[in-house]
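Sequential numbering of the sequence shown, starting at -1, is according to this note's numbering.
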Amino acid sequence: MTRTGEVRMGAGEGPWWWARWRSAVLDISLAALSAVECAVEGIQFSRDAGLPVPVGMVFGLFTGVTLLLRRRWPIAVVLVSIAITPAQMGFLMGVVGLYTLAASELPRRITAALAGMSFAGMFIVTYVRAHQGLVRGDLSIAGGFIPFLSVTTALGMTAPPVLLGLYIGARRRLMESLRERADSLERELMLLAERAEERAEWARNEERTRIAREMHDVVAHRVSLMVVHAAALQAVARKDPEKAVRNAALVGDMGRQALTELREMLGVLRTAEGAVGRPARSAVPLAAVGAAAAAASRVVVDSSEGPCLAELEELIGQSAAAGMVVNLSVEGEARSYAREVEQTAYRVVQEALTNVHKHAAGAKTHVRLAHRAAEIAMQVENEPPPEPGSAREARLPSGGNGLVGMKERVSALGGVFVSGPTDAGGFRVSAVIPAQAA
């Protein structure tokens, strides 16, 4: 037999098949009342059947206790109540059994069939008993009133418990569906929160990587030039004091420029921290996580003006002042691009020149810039250094992150980056970036 919905919901907290102790106490109480009722009604049954009274009472007692199984086997309880209907016993059992059957998750056709059998049995028994009472003179009613009385009694004993059971069962299933939906929504919210945390962590990692690239570009280029000028200053300090003074002034200018760019970047970082901190204290923590990460990215990107292609000649002039022979060639008509495109193009050339200072000091370098219809291309190629080992003598360290950073910058905009040694012994860096940021 199928258990009722209430039993199915149970988590095994009560004894045996009951979901809760309260349900067990209720069923035991109803079974005790049903047993007493059937035992009392068994007295009249034993007299009508010509049996000893104790036999009828014991029969009624055991029959009434069947109600104890109503939650586990509701069909059996209803069948027992129908079976003892001719003996005019088990009215409480029949009502409670029909209610439990209707409230269970059994197919509705089974409920309808058993309810119809109970109605028919009650109608027949009532009709027969009323007719016998009328014949014996125990009832003083019209004979035509007996069918109405039988139908009314049968309906009163079957319809209310069945309708109430159907209502309670539907309500219970609705509550279960709402509870499952709430659990599902809670799981979805937890999943969304985890995804939001992952997106925030991804955004933070992206920002850290981007800031590291900016710091590397700013510091590495300026400091490399400062080291080159300092080495030149050391070489000519006694031979050419005027050139030494110029080199010292260039070192000072480079240091001031580096400090200025670092100060601007730190100011942007402070602004970004404020943007992240404000949503984190809002009343909507789930939305604040993603909003904070997005705000941080927007603030860092939008608030920093950064370099542009118009400053490329100045960048090359700084390298030329450090003793590097640099040739700049521009193809196509110069035009303005999106800020991130110009920044990336500038940083690629800057980092390539920095690598020449580090690894091929004094090498002749060619910088080519091409403005095309839908993209901008740049190439920085240096010849072999005139004096091998000059970069090591200048003591310029290398972290090995320059080429990686350039490739990440270009790839983030949907461009292509290629680097490698040339056949002549030099090194070439090439990049192509779409005119519109990807």
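The beta carbon of each residue, even a glycine, is placed where N, CA and C say it ideally should be. Please read all numbers here as calculations on a predicted model, not as lab measurements.
Inset, instruction - Starting from the Cα of residue 365, find the closest Cα among 21, 324, 20 and 171 and give me that residue. - result: One-based indexing of the sequence shown puts residue 365 at position 367. Residue 365 has its Cα closest to that of 324, out of 21, 324, 20 and 171.
Legend entry - Closest residue to residue 169 among 370, 100, 417 and 426 (Cα-Cα distance): For the purposes of this step, residue 169 is taken as residue 171 along the sequence shown, with counting starting at 1. Residue 100 is the option with its Cα nearest to residue 169.
Inset, instruction - Return the chain-ordered list of same chain residues with a C-beta closer than 6 Å to the C-beta of residue 117, the five sequence neighbours on each side being excluded. - result: Reading the sequence shown from its first residue, position 119 is the one you call residue 117. Closer than 6 Å at the Cβ level, and outside the excluded window around residue 117, lie 152 and 156.
Inset, instruction - Could you tell me if residue 232 is buried or exposed, where buried requires 16 or more neighbouring beta carbons within 10 angstroms of its beta carbon? - result: Within the sequence shown, the letter at position 234 stands for residue 232. Exposed, since its Cβ has fewer than 16 Cβ neighbours within 10 Å.
Inset, instruction - Name the one or two DSSP bridge partners that residue 415 has. - result: One-based indexing of the sequence shown puts residue 415 at position 417. Bridge partners of residue 415: 429.
Inset, instruction - Specify the secondary structure class of residue 334 as computed by DSSP and reduced to three states. - result: Translated into the one-based positions of the sequence shown, residue 334 becomes position 336. In the structure shown, residue 334 sits in coil (DSSP, three-state: anything other than H, G, I, E or B).
Inset, instruction - Measure the CB-CB distance between residue 243 and residue 355 and report whether it falls below 7 Å. - result: Position 245 of the sequence shown, counted from the first residue, corresponds to residue 243. Position 357 of the sequence shown, counted from the first residue, corresponds to residue 355. The answer is no: Cβ separation not under 7 Å.
Inset, instruction - Could you pull out every residue in the same chain whose Cβ sits closer than 7 Å to the Cβ of residue 335, ignoring the five residues on either side in sequence? - result: On the sequence shown, residue 335 is found 337 positions in, with the first residue counted as 1. Contacts found: 374 and 433.
Legend entry - For residue 17 and residue 107, the rounded distance between their alpha carbons: Looking up residue 107 in the sequence shown gives position 109. Looking up residue 17 in the sequence shown gives position 19. Going by the C-alpha atoms only, they are around 26 Å apart.
Legend entry - Cβ neighbour criterion (16 or more within 10 Å) applied to residue 419: For the purposes of this step, residue 419 is taken as residue 421 along the sequence shown, with counting starting at 1. Label assigned to residue 419: exposed.
Inset, instruction - Identify, in the order they occur along the chain, each residue of the same chain with its Cβ nearer than 7 Å to the Cβ of residue 40, setting aside the five sequence neighbours on each side. - result: Residue 40 sits at position 42 when you count from the first residue of the sequence shown. Cβ within range, chain order: 54, 55, 57, 58 and 87.
Inset, instruction - Mark residue 343 as exposed unless 16 or more other C-beta atoms lie within 10 angstroms of its C-beta, in which case mark it buried. - result: Taking the first residue of the sequence shown as position 1, residue 343 is located at position 345. Residue 343 should be labelled buried.
Inset, instruction - Count the other C-beta atoms from every protein chain shown that fall within 10 angstroms of the C-beta of residue 258, then say buried if there are 16 or more, exposed otherwise. - result: Counting from 1 along the sequence shown, the entry for residue 258 is found at position 260. Classification for residue 258: exposed.
Legend entry - First through last residue of the beta strand (DSSP E) which encompasses residue 368: In the sequence shown, residue 368 corresponds to position 370, counting from 1. Counting along the chain, the beta strand (DSSP E) containing residue 368 begins and ends at 363 to 369.
Legend entry - Contact between the region 28 to 35 and the region 45 to 53 (3+ Cβ pairs under 8 Å): no
Legend entry - Exposed unless 16 or more other CB atoms sit within 10 angstroms - verdict on residue 130: In the sequence shown, residue 130 corresponds to position 132, counting from 1. Exposed, because fewer than 16 other Cβ atoms sit within 10 Å of the Cβ of residue 130.
Inset, instruction - May I ask which residues mark the beginning and end of the beta strand (DSSP E) holding residue 324? - result: As a working mapping, residue 324 is identified with position 326 in the sequence shown. Segment 324 to 329, the beta strand (DSSP E) holding residue 324.
Legend entry - Residue nearest to residue 14 in terms of C-alpha spacing, selected from 29, 44, 196 and 66: As a position in the sequence shown, residue 14 is number 16, starting the count at 1. Cα-wise, what sits closest to residue 14 is 66.
Inset, instruction - Can you check the region 94 to 146 for any alpha helix (DSSP H) of at least 4 residues that lies completely inside it and give the ranges in chain order? - result: 106 to 134
Inset, instruction - Pull up the distance between the alpha-carbon of residue 164 and that of residue 97, whole angstroms please. - result: Position 166 of the sequence shown, counted from the first residue, corresponds to residue 164. Position 99 of the sequence shown, counted from the first residue, corresponds to residue 97. Rounded to the nearest angstrom, the two C-alpha atoms are 8 Å apart.
Inset, instruction - List the whole-angstrom C-beta distance separating residue 352 from residue 322, where the pair is believed to meet the contact cut-off of C-beta under 8 Å. - result: Stepping through the sequence shown from its first residue, residue 352 is reached at position 354. Stepping through the sequence shown from its first residue, residue 322 is reached at position 324. In fact, because the Cβ distance is near 11 Å, the residues do not count as touching under 8 Å.
Legend entry - Local Cβ density within 10 Å of residue 181, reported as buried at 16 or more and exposed below that: Your numbering for residue 181 matches position 183 in the sequence shown. Under this definition residue 181 is an exposed residue.
Legend entry - Boundaries (first-last residue) of the beta strand (DSSP E) holding residue 377: To locate residue 377, count along the sequence shown from 1; it is residue 379. First-last of the beta strand (DSSP E) with residue 377: 373 to 380.
Legend entry - Residues near residue 306 by beta carbon distance below 6 Å, same chain, minus five either side: Here residue 306 refers to the residue found at position 308 of the sequence shown. Within the same chain, residue 306 has close Cβ partners 340.
Inset, instruction - Just the C-alpha distance for residue 144 and residue 72, rounded to the nearest angstrom, thanks. - result: Here residue 144 is taken as the residue at index 146 of the sequence shown, counted from 1. Here residue 72 is taken as the residue at index 74 of the sequence shown, counted from 1. Whole-angstrom Cα-Cα distance: 31 Å.
Legend entry - Residue burial classification, residue 372 (beta-carbon count within 10 angstroms, cutoff 16): Mapped onto the sequence shown, residue 372 falls at position 374. That one is exposed.
Inset, instruction - Assign residue 437 to buried or exposed, taking buried as 16 or more other Cβ atoms, counted over all protein chains shown, within 10 Å of its Cβ. - result: As displayed, the chain neither begins before -1 nor continues past 436, which places residue 437 out of reach and without an answer.
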